[in-house]
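Please read the structure below before turning to the comments.
Protein chains: 2
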Amino acid sequence: MTAPSPSAAAALLSVLQFDRDGLIPAIAQQHDTGEVLMLAWMNREAVQATLATGRVTYFSRSRQALWRKGETSGQTQRLVELRIDCDGDALLLLVDQTGAACHTGTRSCFFRAVHGGALDRIAEPIVDPKSLYGAEA
Amino acid sequence: MTAPSPSAAAALLSVLQFDRDGLIPAIAQQHDTGEVLMLAWMNREAVQATLATGRVTYFSRSRQALWRKGETSGQTQRLVELRIDCDGDALLLLVDQTGAACHTGTRSCFFRAVHGGALDRIAEPIVDPKSLYGAEA
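If you read the protein sequences in the order shown, they are chains A and B.
1 is the number of the first residue of the first sequence in this note's numbering; add one for each residue after it.
1001 is the number of the first residue of the second sequence in this note's numbering; add one for each residue after it.
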């Protein structure tokens, strides 16, 4: 992805509807397989950093800080394309995920599914979570 | 999808983390193509109704009411599988979407993408939005 100019980035940001905490939900989807990897949050600065660097950066609600995905764990997300929904209040990030998106070591955070009324694990870790870090991805 | 028993549904609901407005974000993805269709919100009652009926039901934040997807527009979503993320604070709904998920008539709400610093339309309506209704899908 080519980084937009600062004025183009400002124009894009003006389309977005941030919530009362200044955040917008962002879905990360693996660009070639279509797998939905995770849902996280961005503030204005995280959107700017993601567009400027091509490295996906979220806002961690638990740490109340920018969270450059993979900075600690090495499980980075490269931005392939950023999409905006009809109301401008949700983002879809087509990404190229290195390794595991989830802090539990699974490729996707959505590794549990309702089957016949029970919650089943549908995917196993591909990376030992202990090798990643102690906390949030 | 087989509807879970009331006790199984209650157990599932106990895993979910609703926000301070009692809502949880839900991503709808077409089950066979992998296309991400939309992001909307559910409250506890919407999750229950979706599981019980297999018809996806959201909570409309603008109308502050349950929103049985497609009730007015006919563009329904049948639930194929419900997935829950690692923290229990986001849902992924694998659905079978009839027609257009978006109130603008496009298949997906994510019909705008950042290309070279500008916002491009990447999909056209497949249904005339005037034929759907006046307001929200």
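Positions of the beta carbon are idealized from the N, C-alpha and C atoms, including for glycine.
In chain A, what lies closer than 8 angstroms to Ile1084/B by C-beta? Phe110, Arg112, Ala113, Val114 and Leu119
Looking at chain A, which residues of the stretch 1052-1080 of chain B have a Cβ within less than 7 angstroms of any of its Cβ atoms? none
Residue range of the unbroken alpha helix (DSSP H) whose run includes Val1015/B: Pro1006 to Val1015
Which residues mark the beginning and the end of the beta strand (DSSP E) in which Arg112/A is found? Arg112 to His115
DSSP bridge partner residues for Thr1057/B (one or two, in chain order): Arg1068/B
Can you find a CB in chain A that lies within less than 9 angstroms of the CB of Thr1098/B? no
Please classify Arg944/B: does DSSP put it in a helix, a strand, or coil? The structure shown does not extend to residue 944/B, since chain B is modelled only from 1001 through 1137, so no value can be given for it.
Cα separation between Ala1008/B and Leu1119/B? 44 angstroms
If you draw a straight line from the alpha carbon of Val56/A to that of Ala1028/B, how long is it in whole angstroms? 22 angstroms
Assign Thr1106/B to one of two classes, buried (16 or more other C-beta atoms within 10 Å of its C-beta) or exposed (fewer than that). buried
Beta-carbon proximity check, Val1047/B vs Leu1012/B, cutoff 9 angstroms: yes
Look at Ser73/A and Leu16/A and say whether their C-beta atoms are less than 9 angstroms apart. no
Quick check on DSSP: helix, strand or coil for Leu1119/B? strand
Using three-state DSSP, classify Ala1028/B as helix, strand or coil. strand
Distance, Trp67/A Cα to Leu1039/B Cα: 22 angstroms
What does Met42/A reach in chain B if we use C-beta pairs closer than 7 angstroms? Those within 7 angstroms of Met42/A in chain B number zero; the least Cβ separation is about 13 angstroms.
CB contact check: Ala1090/B to chain A, cutoff 9 angstroms: yes
Top-ranked residue by Cα proximity to Thr98/A, from Gln64/A, Val127/A and Ser62/A: Val127/A
Given a limit of 8 angstroms on CB to CB distance, which residues of the stretch 1013-1030 of chain B reach chain A? Val1015, Pro1025, Ile1027 and Gln1029
Put Arg1023/B into one of helix, strand or coil per three-state DSSP. The residue asked about is misnamed: residue 1023/B is Leu in this sequence, not Arg. In the structure shown, Leu1023/B sits in coil (DSSP, three-state: anything other than H, G, I, E or B).
Terminal residues of the alpha helix (DSSP H) in which Leu132/A lies: Pro129 to Leu132
For Ile1126/B and chain A, any beta-carbon pair shorter than 9 angstroms? no
Pick out whichever of Gly1116/B, His1103/B and Thr1053/B has its Cα sitting closest to the Cα of Gly117/A. Thr1053/B
Residue environment, Ala135/A, which counts as buried when at least 16 other CB atoms sit within 10 Å: Bear in mind that the predicted position of Ala135/A carries a pLDDT of just 48, short of 50, making it unreliable; the figure below should be weighed with that in mind. Under this definition Ala135/A is an exposed residue.
Output, in chain order, the set of chain A residues within a Cβ distance shorter than 8 angstroms of Ala1049/B. Result: empty, since nearest Cβ-Cβ is about 14 angstroms, beyond 8 angstroms.
Closest Cα partner of Leu37/A within the set His115/A, Phe111/A, Ile122/A and Arg121/A: Phe111/A
If you measure from the beta carbon of Val1095/B to each beta carbon in chain A, is any gap under 9 angstroms? no
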